[in-house]
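Note that my numbering has the sequence shown beginning at 6, numbered continuously upward.
We treat Cβ as the ideally placed atom computed from N, Cα and C, and that holds for glycine.
The structure presented is a predicted model; accordingly, all values stated were derived computationally and were not measured.
Everything on this sheet refers to the single structure shown next.
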Amino acid sequence: MSNLAQRLIFAAVAIPVVFFCLWWADWTRISLMVFLGAVGAWEWSRMVSKIYSGPSMQIFAPLSAAALTLGWVFTSGRFFGLPPVPGLIGFIALIVVCLYIAIAFAKVKIDNLFPWFLMQLGAPMYLGLWGGLATLILGSGHGLEHSYKFILVMTAMWGCDTIAYFVGKFLTNRFIFGRHLMAPQISPKKTWEGAIGGTLFTMGWVAFWAIPVFQYPWYKGLVLGLVLAIAGQAGDLLMSALKRWSGTKDASQIFVGHGGVLDRGDSFYLAAPMLFLLSDFFNGILS
Numbered sequence: 006m007s008n009l010a011q012r013l014i015f016a017a018v019a020i021p022v023v024f025f026c027l028w029w030a031d032w033t034r035i036s037l038m039v040f041l042g043a044v045g046a047w048e049w050s051r052m053v054s055k056i057y058s059g060p061s062m063q064i065f066a067p068l069s070a071a072a073l074t075l076g077w078v079f080t081s082g083r084f085f086g087l088p089p090v091p092g093l094i095g096f097i098a099l100i101v102v103c104l105y106i107a108i109a110f111a112k113v114k115i116d117n118l119f120p121w122f123l124m125q126l127g128a129p130m131y132l133g134l135w136g137g138l139a140t141l142i143l144g145s146g147h148g149l150e151h152s153y154k155f156i157l158v159m160t161a162m163w164g165c166d167t168i169a170y171f172v173g174k175f176l177t178n179r180f181i182f183g184r185h186l187m188a189p190q191i192s193p194k195k196t197w198e199g200a201i202g203g204t205l206f207t208m209g210w211v212a213f214w215a216i217p218v219f220q221y222p223w224y225k226g227l228v229l230g231l232v233l234a235i236a237g238q239a240g241d242l243l244m245s246a247l248k249r250w251s252g253t254k255d256a257s258q259i260f261v262g263h264g265g266v267l268d269r270g271d272s273f274y275l276a277a278p279m280l281f282l283l284s285d286f287f288n289g290i291l292s
């Protein structure tokens with residue numbers, strides 16, 4: 006079976022599953038986020054293990070990321086009709102850091118100690134403590150309307166990446182003034198022209214949906230789209246740097262023909278938490 010056929014078959018199965026999870030109930034949405042965060046943390050720890058000797062953390066990292074994601078769920082009190090538990094996420098994060106310190110001191114040689122600790126700890130911190138914030142842009146209850154913000158960020162990031170690729174590869178040499186590489190050591194094919202094209206698309210896409218999804222006027226949507234585009238492309242470069250540093254082409258093959266969570270969700274995991282953190286700013290200050 007060709008790679009294209011594998012990609013199409015997987016997409017035909019996976020997309021309905023994802024939308025079912027986003028539509029059905031709180032527990033399906035949370036389960037989806039926990040699964041993605043845990044798999045992403047496993048991919049991260051696996052890549053770090055290629056460079057630094059020591060415990061691989063391929064079990065502990067996903068468990069830690071899952072715990073941190075759930076920590077945000079129960080700290081917020083937004084889901085399952087439960088009251089908020091203030092400080093829970095900080096308590097879980099402290100436990101994770103302490104356990105990583107204990108494992109590092111007990112199992113890692115001194116010449117690798119600090120690089121191993123910092124790079125391995127990055128998995129649950131980025132995918133769980135930071136990435137888990139993406140859970141809070143979801144609403145509570147039955148129906149796809151509770152996932153509109155999530156879907157908008159997801160489609161904006163995919164569109165930004167697609168438009169950036171198209172502009173950078175096909176348009177700049179033929180119709181514009183050439184190609185200027187953005188980060189040749191990290192991602193040799195990314196161009197500034199493509200980044201600008203992707204950013205303009207994202208600004209327009211978010212502005213178009215600003216009123217029905219966020220109840221924002223269009224100009225707030227433009228600014229929000231700009232922020233999401235910058236964050237998403239920074240997340241893309243971050244994951245590209247991690248893969249290139251570790252000598253890894255794809256983070257994994259859990260999404261058959263598409264790579265792994267860190268391949269498909271690299272932009273989302275930096276942009277979606279940014280949306281949650283900036284929501285008060287866009288609701289109040291930017292009037």
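Euclidean distance between Cα positions of residue i and residue j
i    : j    : result
V90  : F84  : 12 Å
G2   : A161 : Here the chain comprises residues numbered 6 to 292, so residue 2 is not present and cannot be evaluated.
S192 : F260 : 22 Å
F175 : T196 : 12 Å
D268 : L247 : 11 Å
A109 : Y221 : 47 Å
A17  : F24  : 12 Å
P21  : H151 : 17 Å
S272 : V113 : 32 Å
Y170 : K194 : 8 Å
L291 : L132 : Legend: pLDDT at L291 = 49, less than 50; position of this residue unreliable, no value from coordinates given.
G209 : G45  : 30 Å
I94  : P88  : 14 Å
Y105 : F286 : 35 Å
P129 : G82  : 22 Å
C103 : H185 : 44 Å
T207 : W250 : 29 Å
Extent of the continuous alpha helix (DSSP H) run through residue i
i    : result
T74  : 65-81
Y105 : 93-112
L280 : 273-285
V261 : Unbroken run through V261: none, as it is neither H nor E.
V33  : Note on residue identity: the sequence assigns Thr, not Val, to residue 33. Element bounds for T33: 31-54.
D255 : That residue, D255, is in no alpha helix (DSSP H); it is neither H nor E in DSSP.
L118 : 118-129
L267 : 266-269
Beta-carbon proximity list for residue i, same chain, < 8 Å, skipping 5 on both sides
i    : result
V211 : L157, A161, G226, L227, L229, G230, L233
F15  : F260, V261, G262, H263
V218 : Y153, K154, L157
L243 : D271, L275
Q63  : W47, S50, R51, S54
Residue i classed as buried or exposed, judged by whether at least 16 other C-beta atoms fall within 10 angstroms
i    : result
I168 : buried
V39  : buried
D166 : buried
L13  : exposed
I115 : exposed
S36  : exposed
Y274 : buried
W223 : exposed
G86  : exposed
Q258 : exposed
F65  : buried
A215 : buried
L99  : exposed
L282 : exposed
Own chain residues within Cβ distance below 6 Å of residue i, not counting five before or after
i    : result
T33  : C26
F155 : I142, L143
A72  : I97
P278 : W135, L138, A139
D241 : D271, S272
S61  : S54
Closer than 7 Å to chain B by CB, residue i
i    : result
S245 : Looking at the structure shown, chain B is missing, and only one protein chain is on hand.
Same chain only: Cβ atoms within 7 Å of residue i, ignoring 5 sequence neighbours per side
i    : result
M187 : K195, T196, W197, A200
L41  : V266, G270
V78  : I35, F84, T140
> What runs of the alpha helix (DSSP H), each 4 residues or longer, lie entirely inside the segment 146-223?
Replying inline: With a minimum length of 4 residues, the continuous alpha helix (DSSP H) runs that stay inside the segment 146-223 are 153-171, 177-180, 197-214.
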